[in-house]
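Worksheet for the structure shown next.
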Amino acid sequence: MLQTLMGLLLGKHQRVHTGERPYACATFGRSFAVSSALLQHQRSHTGEKPYQCPDCQCSFSRSSHLTRHRHCHVQEGPCHGPGLLGKCPFTCPDFRRTFSQSSDLVQHQRVHMGECPYACADCGKIFGRSSDLRQHRRTHAGELPYACRDCGHCFSDGSYLIKHQCAHTGEKPYTCPDCGKGFSISSQLIRHRRVHIGEWLYTCWDCGKSFSQGTDLATDQRSHTDERPSTCPDCGKGFSDSSSRTRHHRLHIRDAP
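Its first residue numbered 1, the sequence shown is counted upward by one per residue in UniProt numbering.
Here it is in structure tokens:
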């Protein structure tokens, strides 16, 4: 039995060298080297979160995410986030926001300090987290592995697919306890609740204007520097944010013969 286990582990390791990916997603065709990675991928586009926190209502798609979350209930310091009743040890001295991991605190501080060390080599757009850059680069590579079964629309990230599918069903499972407004994804509810509690985490050092989202701060800072990293692929015109570029690009599509 031990020899069988060792053989399985060796086969798993050898795939790192050979690049073999025998486990394929039947829905999207994306392949993986190990079966557990395929299972985690499938949960991202189904929304399945089988790991439930025994202390609050949060659930997760991976056991490692649950383990990390549970630090909030056992460590020192008040925890940030809706439904988290426990403790977090890492606190931002500027905004008193707390985190369960020091790496999350570092990423948070980069955003409200305007530090975005990860730049896209294709369009120049900058990010505070390397994971956000990887997700963004999928749009340039045309990598859209998450497809809607209802309309065929494809996305670069599983969370975008879940948000899109709610548009078909009209489902808004996340409700604001203050005003009753519903949202299709939890991050939208978190951003919305900042308005009720007056939490403006991100302040521009140039003009003093405050924002509830780091992306809004980044856009405002570009207005001071006249930085325009988002470029129209048809005419080369530059914009300070991607949404303005998208609206402009629709004019080219509308006027095309």
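Ideal Cβ placement from N, Cα and C applies to all residues, glycine included.
Quantities reported herein were computed from a predicted structural model and do not represent experimental measurements.
Suppose the cutoff is 8 Å on Cβ atoms and the five residues either side in sequence are ignored; what does the same chain contact list for Lys125 look like?
If we look at Lys125 and ignore the five residues flanking it on each side, its Cβ neighbours are Ala119, His136, Pro229, Ser230 and Ser242.
Please work out which residues of its chain come closer than 8 Å, Cβ to Cβ, to Thr246, disregarding the five sequence neighbours upstream and downstream, and give them in chain order.
-> The beta carbon of Thr246 sits closer than 8 Å to none of the beta carbons in its chain outside the five residues before and after it.
Range covered by the alpha helix (DSSP H) that runs through Leu161
Going by DSSP, Leu161 is part of the alpha helix (DSSP H) stretching over Gly158 to Thr169.
Does the distance from the C-beta atom of Gly158 to that of Tyr174 stay below 8 Å?
Taking 8 Å as the Cβ cut-off, Gly158 and Tyr174 do not qualify as a contacting pair.
Where Gly83 falls: helix, strand or coil (DSSP):
Summary for Gly83: the model assigns pLDDT 39, below 50, so the residue's position carries little reliability, and this model does not support an answer.
**Prompt:** Which residue from Ile253, Ile185 and His252 puts its Cα closest to that of Lys163?
**Reply:** Of the candidates Ile253, Ile185 and His252, the one whose C-alpha sits nearest the C-alpha of Lys163 is Ile185.
Identify, in the order they occur along the chain, each residue of the same chain with its Cβ nearer than 6 Å to the Cβ of Asp206, setting aside the five sequence neighbours on each side. Non-local beta-carbon contacts of Asp206 in its own chain, meaning distances under 6 Å to residues more than five positions away in sequence, involve His224 in chain order.
Beta carbon of Tyr23 nearer than 8 Å to that of Val34: Less than 8 Å divides the Cβ of Tyr23 from the Cβ of Val34.
By Cβ distance, which residues of its chain are closer than 6 Å to Gly238, with the 5 residues on each side in sequence left out? Non-local beta-carbon contacts of Gly238 in its own chain, meaning distances under 6 Å to residues more than five positions away in sequence, involve Arg228 and Thr231 in chain order.
*asked:* Would you say the beta carbon of Tyr174 is closer than 7 Å to some non-hydrogen atom of the ligand ADP?
replied: Absent from the structure shown: the ligand ADP. Ligands present: none.
Once you ignore the five residues that flank His153 on each side, which residues in its own chain have a CB closer than 8 Å to its CB?
So the qualifying residues of the chain are Ala147 and His164.
query: Who are the near neighbours of Phe155 in its chain, counting only those whose CB is closer than 7 Å to its CB and skipping five residues on each side?
result: Closer than 7 Å at the Cβ level, and outside the excluded window around Phe155, lie Leu144, Tyr146, Leu161 and His164.
*Phe60 versus Leu39: straight-line alpha-carbon distance, rounded*: Answer to the nearest angstrom: the Cα atoms are 13 Å apart.
Q: Find the nearest neighbour of Asp220 within the set Ser36, Cys235 and Cys204, judged by alpha-carbon distance.
A: Nearest option by C-alpha distance: Cys204.
Q. By how many angstroms is the C-alpha of Gly180 removed from the C-alpha of His65?
A. Computed Cα separation, rounded: 29 Å.
Note down the Cα distance separating Pro233 from His252, rounded to an integer number of angstroms.
The C-alpha of Pro233 lies about 10 Å from the C-alpha of His252.
Per DSSP, Cys154 is paired with what? Bridge partners of Cys154: Ala147.
Tell me, please, whether the CB atom of Cys123 is closer than 8 Å to any CB atom in chain B? Among the chains of the structure shown, chain B does not appear; only one protein chain is present.
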